[in-house]
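Position one of the sequence shown corresponds to residue 3 (my numbering), numbered consecutively onward.
Glycine included, every Cβ here is placed at the ideal spot set by N, Cα and C.
Fair warning: this is a prediction, and the values are worked out from it, not measured in the lab.
Heads up, the thing below is written out as structure tokens.
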Amino acid sequence: MDFSFLEKGKTFQATVYRDGDQAYYRTNPLDLRIEQLTVDHTTRKSFRLASGGGLAISLKQ
Numbered sequence: 003m004d005f006s007f008l009e010k011g012k013t014f015q016a017t018v019y020r021d022g023d024q025a026y027y028r029t030n031p032l033d034l035r036i037e038q039l040t041v042d043h044t045t046r047k048s049f050r051l052a053s054g055g056g057l058a059i060s061l062k063q
């Protein structure tokens, strides 16, 4: 994920909702991991996504 769309000079608190390490859409679809990150316009982050899974990020200044 490239956060370069964020305003330069400002930091944001990101709440990341993503697949847990054991997530799989057929056998364990509810495995969820919630993480808190501090991000700015220079942040680059990779996330593991399960088959059939997804990711949501809430940003607050």
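Residue of the options minimising C-alpha distance to residue i
i, options, result
"N30", "I59, K10 and G54", "G54"
"K10", "I59, T44 and A52", "T44"
"A52", "K12, V18, R28 and A16", "R28"
Unbroken beta strand (DSSP E) run spanning residue i, endpoints
i, result
"Y27", "Per DSSP, Y27 belongs to no beta strand (DSSP E) and is neither H nor E."
"R35", "L34 to V41"
"S60", "L57 to K62"
Close-in-space but distant-in-sequence residues of the same chain around residue i (CB under 6 Å, 5 per side omitted)
i, result
"A25", "D33, A52 and G55"
Where residue i falls, given that 16 or more other Cβ within 10 Å makes a residue buried
i, result
"D4", "exposed"
"D21", "buried"
"A16", "buried"
Cβ-based neighbour list, residue i, same chain, cut-off 8 Å, excluding 5 preceding and 5 following
i, result
"D23", "D33, R35 and R50"
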